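Inspection log for the structure reproduced underneath, given as structure tokens.
Number of protein chains: 2
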Amino acid sequence: MPIRRLPERAQHDRADLYAVLDAMWVATLSVAVGEVAQSVPILYGRDGDSIVLHGSTGAGTLRLLAAGRPATVCVSTIDGFVYAESLFDSSANYRSAVVTGPVEVLSGAAADAALLALSERIMPGRAAEVRPSTRKELAATVVLRLPILEGSYTVKVRDGGTGETPTTDDTWTGVLPVHTVFGTPVPEVDGIPVPASIHARLATGR
Amino acid sequence: MPIRRLPERAQHDRADLYAVLDAMWVATLSVAVGEVAQSVPILYGRDGDSIVLHGSTGAGTLRLLAAGRPATVCVSTIDGFVYAESLFDSSANYRSAVVTGPVEVLSGAAADAALLALSERIMPGRAAEVRPSTRKELAATVVLRLPILEGSYTVKVRDGGTGETPTTDDTWTGVLPVHTVFGTPVPEVDGIPVPASIHARLATGR
């Protein structure tokens, strides 16, 4: 069940990449530190032809990136388990993307705009429902932009069934879908209506 | 919303690590290649105090690991979005684990046993429902074991609400849960009953 086995799953279309990136919220951010890759999970968002990352000014991995070390951002999700007639031919439906390259540290208005774009990916519509961020809050946040350059990314999608012709009539083959869904919002204070931003997420599943 | 911001989220208990590892199926596998971290998504499974990885004998990243390059395995999942009164204090509930170290290439009976353990994590119960793998299939598969050594892993969990006392009575705060669920099995051939392995998954959600 190696999910890279079939090379034809690789795609190189930017629209495919964006669709994969926009469908998820958390990436694995990795940097090479000597002989070892250092990885951390991180929330991310696509802003046009860039990936936006942010974090505390004290975060070690972000400091390495800010100092010029190339970033590797990997996102993936399982969409289903593909049950074939053998374990060897069984597989998973999935979407994944990897983007690599040096990042740019944003500041001023560019940082504020990128942070807002990131927020709109992670909590769409929420920025309009809360007070603006303060100067102090913005200053405590590192905002990084990873440009998505040609040749710097791979996107892979496996979809569909086993791709095989059944050889027996008693072994079930097919796909068990896997979905990511929202649950019922859990309020911290009673009596305040669920906001429009969350209603929209529940309606769209995003 | 940096998901690493609060250091108290870090845990170092092996039971916590195993719980996080056992709750997911796909990891980001990274290796340092010169100045750049090379990442690929990969199915994995925990087998006792090791992580098992497998893939085609032709997969480049696995070849690097087999040659002695340390592996970094990162898993993460979002469990909810935490809506605070400001974007700055908003966050995500999540679970993540990172395990690093050199891998061991398994062969013979050890490889077969590890592969079976991996299969039981990814498709529990399926091995008993299909024909055994052939020698040829097993020979085409690289099986790697990443021992989970003390000091070689980190596990982080954020759970709960905003942790704040409301300062307004008109801004909704709380958590929007995110769940991973199975859909309805999609058969490739009509008339064959859904197998026990899938019924069990649907019942347990695993």
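Line order of the protein sequences matches chains A and B.
Take the first sequence: its position 32, counted from the start at 1, is 31 in numbering that gives the first Met the number 0, and no numbers get skipped.
Take the second sequence: its position 40, counted from the start at 1, is 39 in numbering that gives the first Met the number 0, and no numbers get skipped.
The beta carbon of each residue, even a glycine, is placed where N, CA and C say it ideally should be.
None of these values were measured; they are calculated from a predicted model.
For TYR93 of chain B, which residues in chain A fall below 8 Å Cβ to Cβ?
-> VAL25, PRO40
Taking only the alpha-carbon atoms, compute the straight-line gap between LEU52 of chain A and GLY100 of chain A and give it to the nearest angstrom.
-> 13 Å
Are the beta-carbon atoms of VAL102 of chain B and ALA70 of chain B separated by less than 8 Å?
-> yes
ALA61 of chain A and VAL141 of chain A: beta carbons closer than 8 Å?
-> Note on residue identity: the sequence assigns Leu, not Ala, to residue 61 of chain A. Yes.
Nearest residue (CA-CA) to ALA138 of chain B, options B:ASP111, B:ARG200, B:SER29, B:ALA126 | B:ASP111
THR166 of chain B versus SER90 of chain B: straight-line alpha-carbon distance, rounded = 18 Å
Neighbour flag for SER85 of chain A against chain B, beta carbons, 8 Å | Taking Cβ atoms only, chain B reaches closer than 8 Å to SER85 of chain A, which makes this a yes.
Determine the DSSP secondary structure at SER118 of chain A, reduced to helix, strand or coil.
-> helix
Determine the direct distance from the alpha carbon of ILE121 of chain A to that of ARG205 of chain A, and round the result to whole angstroms.
-> 9 Å
In terms of DSSP beta bridges, what is LEU28 of chain A paired with?
-> DSSP lists A:VAL39, A:VAL72 as partners of LEU28 of chain A.
State yes or no: is the beta carbon of ILE77 of chain A nearer than 8 Å to at least one beta carbon in chain B?
-> Yes, its Cβ sits closer than 8 Å to a Cβ of chain B.
Can you check DSSP and say which residues form a bridge with THR140 of chain A?
-> THR140 of chain A pairs with A:SER55.
Residues, ordered as in the chain, of the segment 183 to 201 of chain A that lie near chain B by beta-carbon distance below 9 Å | THR183, PRO184, VAL185, PRO186, GLU187, VAL188, GLY190, ILE191, PRO192, VAL193, PRO194, SER196, ILE197, ARG200, LEU201
Backbone CA spacing between GLY160 of chain B and VAL174 of chain B [nearest angstrom] | 6 Å
Whose C-alpha, out of B:VAL74, B:LEU148, B:VAL104, B:ALA66, is nearest the C-alpha of ASP12 of chain B?
-> B:LEU148
Using 8 Å as the Cβ pair cut-off and three pairs as the minimum, do the segment 190 to 198 of chain B and the segment 185 to 199 of chain A touch?
-> no
Where does ILE77 of chain B sit, in a helix, a strand or coil, going by DSSP?
-> Under the three-state reduction of DSSP output, ILE77 of chain B falls in the strand class.
ASP15 of chain A by DSSP, collapsed to three states: which one?
-> helix
Identify the residues that DSSP records as bridge partners of GLY173 of chain A: which are they?
-> A:TYR82, B:PRO186
Please decide whether GLU128 of chain A counts as near chain B, where near means a Cβ-Cβ distance under 8 Å.
-> At least one chain B Cβ lies under 8 Å of GLU128 of chain A.
Helix, strand or coil: how does DSSP classify LEU148 of chain A here?
-> coil
Whose C-beta lies closer than 6 Å to the C-beta of ALA202 of chain B among residues of the same chain, with five residues either side of it excluded?
-> Counting only Cβ-Cβ distances below 6 Å, and skipping sequence neighbours, we find nothing.
My understanding is that VAL154 of chain A touches ASP15 of chain A, with C-beta atoms under 8 Å, so please give their C-beta distance in whole angstroms.
-> Indeed they touch by this definition, with Cβ atoms about 5 Å apart.
Please classify ARG134 of chain B: is it buried, with 16 or more other beta-carbons within 10 angstroms of its beta-carbon, or exposed?
-> exposed
C-alpha gap between LEU117 of chain A and PHE80 of chain B, whole angstroms | 14 Å
Identify whether ASP216 of chain A lies in helix, strand or coil by the three-state DSSP scheme.
-> Outside the modelled stretch of chain A, which goes from 0 to 205, sits residue 216 of chain A, for which no answer is possible.
Measure the alpha-carbon distance for VAL97 of chain B versus GLY190 of chain B and round it to whole angstroms.
-> 43 Å
Along chain B, which residues have their Cβ under 9 Å away from the Cβ of GLU149 of chain A?
-> In chain order: nothing, as chain B lies at least about 17 Å away.
Note the first and the last residue of the continuous beta strand (DSSP E) segment covering LEU105 of chain B.
-> 103 to 105
Which residues of chain B have a Cβ atom closer than 9 Å to the Cβ of SER89 of chain A, listed in chain order?
-> SER118, ILE121, MET122, ARG125, VAL129
Say whether chain A places a C-beta atom closer than 8 Å to the C-beta of PRO146 of chain B.
-> no
CB contact below 8 Å: VAL97 of chain B versus chain A | yes
Own chain, CB closer than 6 Å to ARG94 of chain A, minus 5 neighbours either side, in chain order = VAL19, THR76, VAL156
May I ask which residues mark the beginning and end of the alpha helix (DSSP H) holding ALA199 of chain A?
-> 195 to 203
Kindly list the residues whose CB is nearer than 7 Å to the CB of GLY115 of chain A, restricted to its own chain and excluding five residues on each side of it in sequence; keep chain order.
-> The identity of residue 115 of chain A in the sequence shown is Leu, whereas the question assumes Gly. Within the same chain, LEU115 of chain A has close Cβ partners ALA126.
ASP46 of chain B versus PHE181 of chain B: straight-line alpha-carbon distance, rounded | 24 Å
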